[in-house]
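Numbering (this note's numbering), first residue to last: 1 to 403. The C-beta atom is built at its ideal place from N, Cα and C for all residues, glycine as well. Notes to accompany the following structure.
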Ligand code: OVM
């Protein structure tokens, strides 16, 4: 008996170099094939590429669990790549308890308190970029802006010291690669797994974290009996895993989007209040986190099609964000769109807990640019950093024309 009889089968590898470089033709094939498809190169793997089903799976944490891992590896069958994240890779009730603490530490109220420092840093960095662009005729949007900004402000807020922060970049690249298959990309990114993991775990300890920072606040929550004290280092690890590579590439992708749409940048320049919606549209148009998985806990269905217990479901967030069933002119980058319901920060109980900080970073960087920069020109060919999960740029040559 074949339970998957009505599920279209596609011989597509989402992790091929071609599909990682340009995922959009693959997304369209997957969306058009059906509400849920089977990807034959990975055996029993199912995938949702339309908005409705991706959203439905993400909002049913009882049937579609995270505790078997949110990458391709099924933790019921294979050991996790590292000790499981105590927020990303767990289900209620443990998830609920840990999430409450992280959610308070990263709340919109807290974000109001860090806003001035984050703004000052964005303005100073954009000033330096502008000087460099005038002096050298171009900057690298990644090396000079998208990377240094989050790498300064977020670890500062967590309370980490200044030394060794490059480990955060290597670690992030590795973690997001580890959610795909064991391909060449993962092998390359794990070349220094031992020393990098060691650095990360040392810097999750309380004595490494400035009193009052986000990291120290995890330990304060443990002191108060809100979480298991043994869980504190791994909860700090979630800040270090999810808080840097994501926003670097969110900002990088926003710069790319604006540089390639001068009319949209002109609108932002004319009206700085578009900074926040522009960042949001960039998240929809070039989703930083392209994919996450869930695992079926019991036999169930998606869009009426049968899903067997313990099946991995690949949720194509970036494809949902360009689904024509959901969005008018989905391929158009339109900073006035207000794309509410986009999936770039997830949805449901696992929706990005750091989203207020992520949006703050995007907003203040784009505002600082809008104030000082009349035009952003593409100054050369960009290159991509391929990653099994992230849409990431390696280089982005830009020319910033001052007002
Ligand atoms: C974590 C974690 C790691 C990567 C991503 C993420 C986007 C969370 O360790 O908790 O969420």
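Pairwise C-alpha distance: residue 351 and residue 368: Here residue 368 refers to the residue found at position 368 of the chain shown. Here residue 351 refers to the residue found at position 351 of the chain shown. Rounded to the nearest angstrom, the gap between the Cα atoms of residue 368 and residue 351 is 28 Å.
Which listed residue (34, 9, 18 and 14) has its alpha carbon closest to that of residue 323: Counting from 1 along the chain shown, the entry for residue 323 is found at position 323. For residue 323, the closest alpha carbon among the candidates 34, 9, 18 and 14 is that of 34.
Three-state secondary structure assigned by DSSP to residue 385: Here residue 385 refers to the residue found at position 385 of the chain shown. Looking at residue 385 - three-state DSSP - the assignment turns out to be strand.
The segment 240–257 / the segment 383–393 touching (three or more Cβ pairs under 8 Å): yes
Beta carbon of residue 14 nearer than 8 Å to that of residue 37: To locate residue 14, count along the chain shown from 1; it is residue 14. To locate residue 37, count along the chain shown from 1; it is residue 37. Cβ distance not < 8 Å, so residue 14 and residue 37 don't count as in contact.
Beta-carbon spacing of residue 216, residue 159 below 8 Å: Residue mapping note: residue 216 aligns to position 216 of the chain shown, counting from 1. Residue mapping note: residue 159 aligns to position 159 of the chain shown, counting from 1. Residue 216 is a Cβ neighbour of residue 159, given a cutoff of 8 Å.
Proximity of residue 348 and residue 59 at Cβ, strictly below 8 Å: On the chain shown, position 348 is the one that residue 348 refers to. On the chain shown, position 59 is the one that residue 59 refers to. A distance below 8 Å separates the beta carbons of residue 348 and residue 59.
At least three beta-carbon pairs within less than 8 Å, the segment 51–66 to the segment 331–338: no
When 391, 146, 359 and 151 are compared against residue 112, the one with the closest alpha-carbon: For the purposes of this step, residue 112 is identified with residue 112 of the chain shown, where counting begins at 1. Taking only the C-alpha atoms, the option nearest residue 112 is 359.
Residues passing the C-beta test against ligand 1 heavy atoms, cut-off 7 Å: 85, 87, 88, 175, 176, 237, 238, 241, 242, 246, 289 and 352
Three-state secondary structure (DSSP) of residue 47: Start at 1 with the first residue of the chain shown, and residue 47 comes out as number 47. For residue 47, the three-state secondary structure derived from DSSP is strand.
Collapsed DSSP secondary structure at residue 307 in the structure displayed: For the purposes of this step, residue 307 is identified with residue 307 of the chain shown, where counting begins at 1. Strand.
Residue of 260, 120 and 225 minimising C-alpha distance to residue 398: In the chain shown, the residue the question calls residue 398 occupies position 398. With distances taken between Cα atoms, residue 398 lies closest to 260.
Rounded C-alpha distance that separates residue 54 from residue 285: Counted from its first residue, the chain shown places residue 54 at position 54. Counted from its first residue, the chain shown places residue 285 at position 285. Whole-angstrom Cα-Cα distance: 16 Å.
Local Cβ density within 10 Å of residue 108, reported as buried at 16 or more and exposed below that: Here residue 108 refers to the residue found at position 108 of the chain shown. That one is exposed.
Environment of residue 73 [buried if 16+ CB atoms lie within 10 Å]: Translated into the one-based positions of the chain shown, residue 73 becomes position 73. Flag for residue 73 reads buried.
Spatial distance of residue 117 from residue 155 (CA atoms): Position 117 of the chain shown, counted from the first residue, corresponds to residue 117. Position 155 of the chain shown, counted from the first residue, corresponds to residue 155. When rounded, the distance between both Cα atoms is 13 Å.
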